[in-house]
DNA sequence: TGAAATGTTGGGGCG
DNA sequence: ACGCCCCAACATTTC
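Numbering (the numbering used here), first residue to last: -7 to 459.
Below, the structure is given as structure tokens:
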């Protein structure tokens, strides 16, 4: 009798350029399994926005593949499904979250004791974190040499075509996606998500080709402008593996070649952003406590302030600084925030309010559709100054100047902060100077000049260790 | 992937 | 015509 193989889907919710799925399809009839595991990741189980996306993405993937849906600890569920189906092998794409190596090890042991083989593949990254190392054989701690090493390494493989696995026909118990309650129940905050996103492999491919057609040529300067739309917006698709970084890389390289030099600057800039993702994963892989603890030890003594009221104002977009509030409200309404504004908002929380970066990371984890344990942890630490290749401690964003520089007409602020719509551009980033206009928009919760000096003083306390 | 403070220069107003 | 001052614009240093 034919024995099936199990394709264990994780953050690889696609059919194209999928090494594990290709191999599974070549090995036999396939059971496509997705496990909703809220236990293994502990406090980093999927947040609300991620669950919304996951629901939609699984719905899309199930149009191409017959999915078996199960809840529980992934290793236990895989053991059950092997037992129920008599599967001879398990295939999966490796993952780099701190809890994943032990989980993958347990899955391997389960396979061995059940007499099945276990096959692990890469593909979530361009370069496996073990492969990019400096001259001493150590992982890089600084982005620039890391990126140079990536560019010097072999060009990432070309993406492969869609797999066409033959599905195992026998019945395997599956749960109903709707029963997972991944969509918001009572307070429906996800209305604004619908018009913003098209989760799934097809949506990802549409986004990539749209970016190459409309965004890439202006990417170098335009990527910093939240009032315009030159960013790729591929991050949630990459996070869920609806598209692979190799597909993005190859598509941009192809566009660069066709443009005969005209897209070289913009294209390189974009490829370097892909490499920031790789860098974050390399750091996380080698320093698994990155989500919890400062990369730079001396920050363990930093005088963070426990200030729930300040955190709440920041979360609600009521700080009184228009560019910060616009970003926080965009986040709540759409599940994303423009990259430039993320830096400004994160700097405000950690430097102006001195609230621990972990609080910001937790809020982003719950609210971002692209919430990613590597990028989120590494980027928050970068802004806070305690990360690998951190922003220098004295680099403190001025929310007024950043607003005026990157949202010069105030169009982004007007879109997300309706209280300020009537303000003229010359005061929209400093509404407290527009005395003549009545509005219920709050006064600044803190004076930035004061906050800057306070942050510098706090950083000076631990500076001896930094220098 | 910053900002503020401080230093320098040079043009124009004006006695 | 000259020297002086003011200050914008730019450069450098410091946090």
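All residues carry an ideal CB built from backbone N, CA and C; glycine is no exception.
- Counting only runs that start and end inside the segment 124 to 189, the alpha helix (DSSP H) elements of at least 4 residues fall at 135 to 144 and 183 to 188.
- Around the beta carbon of residue 128, fewer than 16 other beta carbons lie within 10 angstroms, which makes this residue exposed.
- Scanning 72, 259, 219 and 192 for the CA closest to the CA of residue 227 turns up 192.
- In this structure, residue 115 keeps its C-beta atom at 8 Å or more from the C-beta atom of residue 242.
- Residue 447 has its alpha-carbon roughly 14 Å from the corresponding atom of residue 338.
- For residue 244, the secondary structure class from DSSP, reduced to helix, strand or coil, is helix.
- A direct Cα-Cα distance of roughly 21 Å separates residue 71 from residue 89.
- DSSP, reduced to helix, strand and coil, places residue 335 within a helical segment of the structure shown.
- For residue 199, the number of other beta carbons within 10 angstroms of its own is at least 16, and it is reported as buried.
- Partner residues in the beta bridge of residue -1, as assigned by DSSP, are 24 and 83.
- Bridge pairing for residue 62: 27 [DSSP].
- Counting C-beta pairs closer than 8 Å gives fewer than three between the segment 155 to 174 and the segment 293 to 305, which falls short of the contact rule.
- Of the other Cβ atoms in all chains shown, fewer than 16 fall within 10 Å of the Cβ of residue 173; this residue is therefore exposed.
- Only buried fits residue 394, as 16 or more other CB atoms lie within 10 angstroms of its CB.
- Within the same chain, 307 come within 7 Å of residue 355 by CB-CB distance, once the 5 residues on both sides are set aside.
- Secondary structure at residue 111: strand, using DSSP grouped into helix, strand and coil.
- Three or more pairs of CB atoms, one per stretch, sit closer than 8 Å, so the segment 409 to 421 contacts the segment 309 to 322.
- Taking 8 Å as the cut-off, the Cβ atoms of residue 236 and residue 203 do not count as close.
- If only complete runs of 4 or more residues are kept, the segment 358 to 400 shows the alpha helix (DSSP H) at 365 to 376 and 391 to 398, in order along the chain.
- Contact between the segment 267 to 287 and the segment 364 to 371 is present: three or more C-beta pairs spanning the two stretches fall below 8 Å.
- Rounded to whole angstroms, residue 44 and residue 183 show a C-alpha spacing of 11 Å.
- Closest in alpha carbon position to residue 24, among 309, 333, 162 and 33, is 162.
- Pairing residue 359 with residue 340 gives a Cβ-Cβ distance that is not under 8 Å.
- Just so you know, the alpha carbons of residue 207 and residue 222 end up roughly 4 Å apart.
- Spatial neighbours of residue 230 in its own chain (CB-CB distance under 6 Å, excluding positions within 5 residues in sequence) are not present.
- Spatial neighbours of residue 281 in its own chain (CB-CB distance under 8 Å, excluding positions within 5 residues in sequence) are listed in chain order as 90.
- For residue 333, the closest of 217, 261, 263 and 300 by C-alpha to C-alpha distance is 217.
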